[in-house]
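K.L.:
Structure below; questions to follow.
Numbering (the UniProt record's numbering), first residue to last: 1 to 708.
What follows is the structure in structure tokens.
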């Protein structure tokens, strides 16, 4: 094999194998061939790059001149020889800043092409004076574990007990690009404000089997070390059945530090929340302006718009604060209730939070019910459509100035950015496809809203009577204040999510426009193929820096991988050792769902109890099968399921925790609900008679439906 005419060469790592950071890229460069560098005869120059969390671009962090006393060069007769490096070359950097930047982007692109899920590679490169060539690539197998000292020798627990509520299916590359940054931004805000010394560069999100997992070892430790929240309590809030980390007995200094951080948090949080409320409103308006903006027609123009918008979304720290720091008051409320009602803290908190000022998610459900009643009584509105597919033709028959049509148009103006499993950029928004909403009107029109409101009031009043009878009068104002704060925080969590989803709608628009541009220049076959690329790849493609064959090869390979992921049943928890080696995964059949005969124990997230027939739905598009009063059993739920909550008599969900979206809305509606029951969907059948106790967190199968 002929050798490349190497003016310079070297090795590179698309992560930092020494400290374990995955947002770093390191280049080692030497004159001539790389043999002297690999053998240790010379120490090349070092270039360190960091990945910007706001838009993924690489920027130079540092460079260090190496000891390049010798270099290896090819001989005309074949072979190589090592020579002394000239003084000018030894004193000069091998690569100029612009050359180093070009090489860094090439290296990262190669790593992403090889494995976008874990692009940590050891690569060799050559510079021939005109172009860079990559000659070898190997996965980095000895990367250090970046974590807190107490966790270094403990297993890493990756859990999807929380994330599979809103993203139960595999993520496309573009979604993973955003998720790995947004998860960190969301979880860091509260701790940073409290003055906790977060470990820089840790990654709290992982992609396994195409699904999004959270690093619960880190999350448990940060909650405990920063604010004293126990691993058990954190698991309950987050959801899932991951093990608890091991803790050392706290020192007095630890307790005092936590107290100081709690006081700092309580002092600063009200002002931050007021600022964040404004940020939510501003985000909704900004997203509307973006939707209405004419997009450029050229690749570089589309790239610039996408980068600018992406930086705004990922930089929305106040909004992320609302999403990631909304469990404090609820946690304290449960703790206070537990002191007076051991074992009933969560159940009583759930009852106290029933009703009240609705969250944006609940409010859209109430407004949809009102629309359904309006449509049923409007003589100009014909019989409701039987399916989402028939809804467009049905809506077209309604006169333009009809009251229902006007009201529905206003509803879409307010909530059209929402959708089914709306976190995925591949899924259309209600503004694009309102058929699901229109098809749900028929059954929503029959719901007795007054009975729903009475159920909420009854749950709250029963809880208050118990508190008045048991809790000393001087504690009652504290519980009342915590209840108000917890309700507000949960509502803010929902409004913050709505704002983020509003931002994603125009991001989806510009991505599809960019995909259409790449189709026009023969780079892709379909506009939505762009969703099979990561953000850095999209920027490179729009700049014309990835050949069409390379783009198509990536899309084809990832589409096949995605289909393979869909056929897999991912474990609920993955246990990884300190060398990043997976020890084992725990599937639904081995998880902690307590089952005694036909008795299942989960997390109580709704009020009261109910008996009814089970209706198993995998997707909200199957909602027409759910009859009013039946028990909705689902693998996961996101805000798109809200119309079905209004019909359901009770709710049983495999996933989610006390702060999940399904739990928040179930509490608001006063629905008996139990969550965090992994595997229960496979253990029940349509038509089984269930008793759901939202206060005890139990589901009892009273009678099996004959499936033969």
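A virtual CB, placed ideally from N, CA and C, is assigned to each residue, including glycine. Source: prediction; values computed, not measured.
Can you give me the start and stop residues for the beta strand (DSSP E) that residue 325 sits inside?
P.N.:
Against the chain shown, residue 325 aligns to sequence position 325. Element bounds for residue 325: n/a, residue is neither H nor E.
K.L.:
Give every residue of the same chain whose Cβ lies closer than 6 Å to the Cβ of residue 63, excluding the five residues on either side of it in the sequence, and list them in chain order.
P.N.:
Here residue 63 corresponds to residue number 63 of the chain shown, with the count starting at 1. 47.
K.L.:
My understanding is that residue 185 touches residue 317, with C-beta atoms under 8 Å, so please give their C-beta distance in whole angstroms.
P.N.:
By one-based count along the chain shown, residue 185 stands at place 185. By one-based count along the chain shown, residue 317 stands at place 317. Correct: roughly 7 Å between the Cβ atoms.
K.L.:
Would you call residue 593 buried or exposed, if buried means 16 or more other Cβ atoms sit within 10 Å of its Cβ?
P.N.:
Within the chain shown, the letter at position 593 stands for residue 593. In this prediction, residue 593 scores a pLDDT of 48, lower than 50, which makes its location untrustworthy; the coordinate-derived value is nonetheless stated afterwards. Label assigned to residue 593: buried.
K.L.:
Going by DSSP in three states, residue 545 sits in which element: helix, strand or coil?
P.N.:
Here residue 545 is taken as the residue at index 545 of the chain shown, counted from 1. Correct three-state label for residue 545: coil.
K.L.:
Specify whether the region 654-669 and the region 599-611 touch according to this definition: at least 3 beta carbon pairs, one from each stretch, less than 8 Å apart.
P.N.:
Touching, yes, given that three or more Cβ pairs across the two stretches are closer than 8 Å.
K.L.:
Tell me, which residues are paired with residue 782 by DSSP?
P.N.:
Since the first residue shown for the chain is 1 and the last is 708, residue 782 is missing from the structure and cannot be characterised.
K.L.:
Which residue's Cα is closest to the Cα of residue 103: 81, 83 and 128?
P.N.:
Locating residue 103 in the chain shown gives position 103, where the first residue counts as 1. The shortest C-alpha separation from residue 103 is found at 128.
K.L.:
Under 6 Å Cβ to Cβ from residue 11, same chain only, skipping five residues before and after it: list those, please.
P.N.:
Taking the chain shown and counting its residues from 1, the one referred to as residue 11 is at position 11. These residues qualify, in order along the chain: 28 and 124.
K.L.:
Would you grab the beta carbon distance between residue 644 and residue 620 for me? Rounded to a whole angstrom, and I think it's under 8 Å.
P.N.:
Your numbering for residue 644 matches position 644 in the chain shown. Your numbering for residue 620 matches position 620 in the chain shown. That belief holds up - the Cβ atoms of residue 644 and residue 620 are roughly 6 Å apart, short of 8 Å.
K.L.:
Between the region 13-25 and the region 143-153, can you find at least three pairs of beta-carbon atoms closer than 8 Å?
P.N.:
Yes, the region 143-153 touches the region 13-25.
K.L.:
Helix, strand or coil: which one does DSSP assign to residue 173?
P.N.:
As a position in the chain shown, residue 173 is number 173, starting the count at 1. Helix at residue 173.
K.L.:
Give the DSSP bridge partners of residue 700, in chain order.
P.N.:
The sequence position of residue 700 within the chain shown is 700, counting from 1. DSSP, once it has assigned bridges, lists 599 and 691 as partnering residue 700.
K.L.:
Is there contact between the region 229-243 and the region 179-198, where contact requires at least three CB pairs shorter than 8 Å?
P.N.:
They do not touch, by the three-pair rule.
K.L.:
Within this structure, are the beta carbons of residue 655 and residue 239 separated by less than 9 Å?
P.N.:
As a working mapping, residue 655 is identified with position 655 in the chain shown. As a working mapping, residue 239 is identified with position 239 in the chain shown. Contact: yes.
K.L.:
Applying the criterion that 16 or more other CB atoms from any shown protein chain within 10 Å of the CB defines a buried residue, is residue 309 buried or exposed?
P.N.:
One-based indexing of the chain shown puts residue 309 at position 309. Buried, since its Cβ has 16 or more Cβ neighbours within 10 Å.
K.L.:
Using CA atoms only, rank isn't needed, just tell me which of 702, 432, 328 and 452 is closest to residue 659.
P.N.:
The sequence position of residue 659 within the chain shown is 659, counting from 1. Closest by alpha carbon: 328.
K.L.:
Just to confirm the assignment, what range does the alpha helix (DSSP H) spanning residue 675 have?
P.N.:
Taking the chain shown and counting its residues from 1, one reaches residue 675 at position 675. Premise fails: residue 675 lies in the beta strand (DSSP E), 673-675, not in any alpha helix (DSSP H).
K.L.:
Got a sec, what are the start and stop residues for the alpha helix (DSSP H) residue 435 sits in?
P.N.:
Translated into positions along the chain shown, residue 435 becomes position 435. Residue 435 -> alpha helix (DSSP H) spans 435-439.
K.L.:
For residue 654, does the three-state DSSP call read helix, strand or coil?
P.N.:
Numbered from 1 along the chain shown, position 654 holds the residue referred to as residue 654. If DSSP states are grouped into helix, strand and coil, residue 654 belongs with coil.
K.L.:
Is the separation between the beta-carbon of residue 463 and that of residue 669 shorter than 9 Å?
P.N.:
Your numbering for residue 463 matches position 463 in the chain shown. Your numbering for residue 669 matches position 669 in the chain shown. It is not a contact, given that the beta carbons lie outside the stated cut-off.
K.L.:
Are the Cβ atoms of residue 739 and residue 389 separated by less than 9 Å?
P.N.:
Lying outside 1 to 708, the shown extent of the chain, residue 739 is not represented and no answer is given.
K.L.:
Where in the region 405-490 do unbroken runs of the beta strand (DSSP E), each at least 3 residues long, occur, reported from the N-terminal end onward?
P.N.:
Segments of the beta strand (DSSP E) lying fully in the region 405-490: there are none.
K.L.:
Taking only the alpha-carbon atoms, compute the straight-line gap between residue 257 and residue 265 and give it to the nearest angstrom.
P.N.:
The residue given as residue 257 occupies position 257 in the chain shown. The residue given as residue 265 occupies position 265 in the chain shown. Cα to Cα, residue 257 sits roughly 12 Å from residue 265.
K.L.:
Please work out which residues of its chain come closer than 7 Å, Cβ to Cβ, to residue 202, disregarding the five sequence neighbours upstream and downstream, and give them in chain order.
P.N.:
Start at 1 with the first residue of the chain shown, and residue 202 comes out as number 202. Once the five neighbours on either side are set aside, the close Cβ partners of residue 202 are 146, 147 and 218.
K.L.:
Please look up how many angstroms separate the CB atoms of residue 439 and residue 387, rounded, as I've assumed it's under 8 Å.
P.N.:
Here residue 439 is taken as the residue at index 439 of the chain shown, counted from 1. Here residue 387 is taken as the residue at index 387 of the chain shown, counted from 1. Correct: roughly 6 Å between the Cβ atoms.
K.L.:
Output the boundary residues of the beta strand (DSSP E) element that contains residue 645.
P.N.:
If you number the chain shown from 1, residue 645 lands on position 645. Counting along the chain, residue 645 falls outside any beta strand (DSSP E), though it belongs to the alpha helix (DSSP H) covering 642-647.
K.L.:
Could you tell me which uninterrupted beta strand (DSSP E) segments, each at least 3 residues in length, are contained entirely in the region 232-315, listed from first to last along the chain?
P.N.:
Complete beta strand (DSSP E) runs here, min 3: none at all.
K.L.:
Determine the closest residue to residue 55 out of 676, 179 and 502, with distance taken between C-alpha atoms.
P.N.:
Here residue 55 refers to the residue found at position 55 when the chain shown is read from its first residue. The option with the nearest alpha carbon to residue 55 is 179.
K.L.:
Keeping to the same chain, check which residues put their C-beta closer than 6 Å to that of residue 596; ignore five residues upstream and five downstream.
P.N.:
As a first step, residue 596 is located in the chain shown; it is residue number 596 there, counting from the start. Low per-residue confidence applies at residue 596: pLDDT is 46, beneath 50, and the placement is therefore not dependable enough to give any value.
K.L.:
Determine the burial state of residue 172: buried for a count of at least 16 other Cβ atoms within 10 Å of its Cβ, exposed for fewer.
P.N.:
What you label residue 172 is simply residue 172 of the chain shown in a count that begins at 1. Buried, because 16 or more other Cβ atoms sit within 10 Å of the Cβ of residue 172.
K.L.:
To which residues of the same chain is residue 176 closer than 8 Å at the C-beta, ignoring the five residues directly before and after it?
P.N.:
Residue mapping note: residue 176 aligns to position 176 of the chain shown, counting from 1. These residues qualify, in order along the chain: 116, 117, 207, 212 and 534.
K.L.:
Kindly indicate the opening and closing residues of the alpha helix (DSSP H) around residue 74.
P.N.:
Along the chain shown, one-based indexing puts residue 74 at 74. Here residue 74 belongs to no alpha helix (DSSP H); instead the beta strand (DSSP E) covers 70-74.
K.L.:
With the cut-off set at 9 Å, would you say residue 151 and residue 26 are in Cβ contact?
P.N.:
For this step, residue 151 is matched to residue 151 along the chain shown. For this step, residue 26 is matched to residue 26 along the chain shown. Contact flag unset, no.
K.L.:
Comparing alpha-carbon positions, which option in 704, 511 and 222 lies nearest residue 325?
P.N.:
Locating residue 325 in the chain shown gives position 325, counting from the first residue. Among 704, 511 and 222, the Cα nearest to that of residue 325 is on 222.
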